[in-house]
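A.B. asks: Numbering (the working numbering), first residue to last: 6 to 352.
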Amino acid sequence: MNITPLDKLKDIASYKHIDGRLFSATHKEILEGWTTDIYFLKTRDVLRSAGLLDTQVVAEVFTRQPGIFAGSEEVLNLFRKLPDPPQIESLAEGESFEAKEVLMRFTGSYESFGLYETVLLGMLASSTGWATAARECVLAAEGRSVLCFGARHVHPAIAPVMERAAKIAGCSAMSCILAAKLCGEEPKGTVPHAAILMVGDTVKLAKLYDAQVPAEEARIVLVDTFRDEAEETMRVAEALGDRLSGIRLDTPGERGGVTPDLVREIRWRLDLAGFPKVQIIATGGLTPERIKLMNEAGADVYGVGSYITGGARRDMTMDLKMVDGKPLAKRGRLPGIIPNPKLKRVL
Numbered sequence: 006m007n008i009t010p011l012d013k014l015k016d017i018a019s020y021k022h023i024d025g026r027l028f029s030a031t032h033k034e035i036l037e038g039w040t041t042d043i044y045f046l047k048t049r050d051v052l053r054s055a056g057l058l059d060t061q062v063v064a065e066v067f068t069r070q071p072g073i074f075a076g077s078e079e080v081l082n083l084f085r086k087l088p089d090p091p092q093i094e095s096l097a098e099g100e101s102f103e104a105k106e107v108l109m110r111f112t113g114s115y116e117s118f119g120l121y122e123t124v125l126l127g128m129l130a131s132s133t134g135w136a137t138a139a140r141e142c143v144l145a146a147e148g149r150s151v152l153c154f155g156a157r158h159v160h161p162a163i164a165p166v167m168e169r170a171a172k173i174a175g176c177s178a179m180s181c182i183l184a185a186k187l188c189g190e191e192p193k194g195t196v197p198h199a200a201i202l203m204v205g206d207t208v209k210l211a212k213l214y215d216a217q218v219p220a221e222e223a224r225i226v227l228v229d230t231f232r233d234e235a236e237e238t239m240r241v242a243e244a245l246g247d248r249l250s251g252i253r254l255d256t257p258g259e260r261g262g263v264t265p266d267l268v269r270e271i272r273w274r275l276d277l278a279g280f281p282k283v284q285i286i287a288t289g290g291l292t293p294e295r296i297k298l299m300n301e302a303g304a305d306v307y308g309v310g311s312y313i314t315g316g317a318r319r320d321m322t323m324d325l326k327m328v329d330g331k332p333l334a335k336r337g338r339l340p341g342i343i344p345n346p347k348l349k350r351v352l
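1. Hey, out of A199, G205, P165, whose CA is closest to K186's CA?
2. For P91, is the classification buried or exposed, using 16 other Cβ atoms within 10 angstroms of its Cβ as the cut-off for buried?
3. Checking 8 angstroms against the spacing of the C-beta atoms, do A170 and A139 come in under that value?
4. Could you give the C-beta distance for P340 and K326, rounded to a whole number, given that I count them as a contact under 8 angstroms?
5. For L249 versus I286, is the C-beta distance shorter than 8 angstroms?
6. Starting from D50, trace the alpha helix (DSSP H) both ways and give me its first and last residue.
7. In this structure, what does DSSP give as the bridge partners for M321?
8. Between K331, P332, K347, D324, which lies nearest to F111 when the distance is taken from Cα to Cα?
9. Could you compute how far the alpha carbon of R318 sits from the alpha carbon of T133?
10. Which of the three DSSP states is assigned to P332 in this structure?
11. Flag this pair as touching only if the segment 262–281 and the segment 145–156 have three or more C-beta atom pairs under 8 angstroms; answer yes or no.
12. State whether the segment 148–161 contacts the segment 177–186, with contact taken as three or more CB pairs (one from each stretch) at a distance under 8 angstroms.
13. In the DSSP assignment, the alpha helix (DSSP H) including A104 goes from what residue to what residue?
14. With DSSP collapsed to three states, give me the class of I343.
15. My assumption, with CB atoms under 8 angstroms, is that F74 sits in contact with E98. Please give the rounded CB distance.
16. Rounded to a whole number of angstroms, what is the C-alpha to C-alpha distance between N7 and S19?
17. Would you kindly report the start and end of the unbroken beta strand (DSSP E) that includes R338?
18. When we look at the beta-carbon of T41 and count the other beta-carbons within 10 Å, is it buried (16 or more) or exposed?
19. N82 to H32, Cα distance in whole Å?
20. Using DSSP bridges, identify the partner residues of K349.
21. Beta strand (DSSP E) containing I173: first to last residue?
22. Return the CA-CA distance between A220 and M239, expressed in angstroms with no decimal places.
23. Tell me M239's beta-bridge partners as DSSP assigns them.
24. Applying the criterion that 16 or more other CB atoms from any shown protein chain within 10 Å of the CB defines a buried residue, is V51 buried or exposed?
25. Helix, strand or coil: which one does DSSP assign to L213?
26. For L87, which residues from the same chain have a beta carbon less than 8 angstroms from its beta carbon, with the 5 sequence-adjacent residues on both sides left out?
27. Could you tell me the distance, in whole angstroms, from the CA atom of K193 to the CA atom of T48?
28. On the DSSP letters alone, give me the boundaries of the alpha helix (DSSP H) that T137 sits inside.
29. Determine the DSSP secondary structure at Y115, reduced to helix, strand or coil.
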């Protein structure tokens, strides 16, 4: 990929609109600086005119809320593609942090990273927010698997970023194909209600599914499409026998949603009928609080989407702390480098 980063304010006149394009930025546009805030490009012109663009500085990144750190690997991938990147220190992805803790530190000429402040802060803010929400669900599950089903709740351009953040936070698998592949894994999921509706019967669909998927893949079937969930569970279990790995509950709110009592009844009926190994996968608007209740009722696996994608982003701030070797900061900030032994040199 031929990358020519924006250098001067007048460079934006070179933009050529392409009719019908998707509105998300391409990787090339991000790397060239087209998604940055305009004032960082103006800053380059101003500093260049004063002979200060190559001034050596140190900048630190923090946020005002605690959370689970994620997004730094994408930031590193950004700078690895540039000819003269700064030195970077970072907290490890997946680590917890406190409010105002230094998360990343950039050392080098302002020219080497200033243009990308908007970009790197956005990468960190989004991924850290998603990772923080995902970790809440993972902790609530108390060792049970949590699958990320959030791709449908965000723009497709960032779905893999979101699900990767969830994976970093401890989710066991992802449904988004590209997200899983980027993490070196295989996507996980069964079939939607649409398939059952078109086949016309849950058991008939279960048999078709069993015949089509690879032998090594788990047989998991939705049981809330046509009949009572407990009834459908037993019909499917009797039809597939030992080949059934699990049933998924996704009862809509119009029918009361997935409740602990429903999970408890199905667990009881499965065990009574000799199917103790069939897992119950609960999905549909789950939160950490609801997950804890489902644990007690006997659920084995959780599919979480909207809670993770709705995780409050962690607004990131980047401050210059050293300018030309001297401690310096805006009012209200502490000048000079703030030590954090958890930071490691990563670039």
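By construction, the Cβ of each residue, glycine as well, lies at the ideal position given by its N, Cα and C atoms.
C.D. replies: Straight from the coordinates:
1. When C-alpha distances from K186 are compared across A199, G205, P165, the shortest belongs to P165.
2. Buried.
3. In this structure, A139 lies closer than 8 angstroms to A170 by Cβ.
4. Indeed, because the Cβ distance is near 6 angstroms, the residues count as touching under 8 angstroms.
5. Using a Cβ distance threshold of 8 angstroms, L249 and I286 do not count as a contacting pair.
6. First-last of the alpha helix (DSSP H) with D50: 43–54.
7. For M321, the pairing in a beta bridge is given by DSSP as T68.
8. When each option's Cα is compared against that of F111, the closest is D324.
9. Roughly 7 angstroms separates the two Cα atoms.
10. When secondary structure is reduced to three states using DSSP, P332 falls in the strand class.
11. No, the segment 262–281 does not touch the segment 145–156.
12. Yes, the segment 148–161 is in contact with the segment 177–186.
13. Per DSSP, A104 belongs to no alpha helix (DSSP H) and is neither H nor E.
14. It is coil, neither helix nor strand.
15. Confirmed, about 6 angstroms.
16. Roughly 16 angstroms between the two C-alpha positions.
17. That residue, R338, is in no beta strand (DSSP E); it is neither H nor E in DSSP.
18. T41 is buried by the Cβ-count criterion.
19. Going by C-alpha positions, N82 is about 11 angstroms away from H32.
20. In DSSP, K349 forms a bridge with S95.
21. No beta strand (DSSP E) holds I173; the alpha helix (DSSP H) holding it covers 164–173.
22. So the alpha carbons of these two residues sit roughly 22 angstroms apart.
23. Note: M239 sits in no beta bridge, so no partner.
24. Exposed is the call here.
25. In this structure, DSSP gives L213 a helical state, which the three-state scheme calls helix.
26. Around L87: I8, P10, L36, S117.
27. Approximately 46 angstroms, taken between the alpha carbons.
28. T137 -> alpha helix (DSSP H) spans 122–146.
29. Under the three-state reduction of DSSP output, Y115 falls in the helix class.
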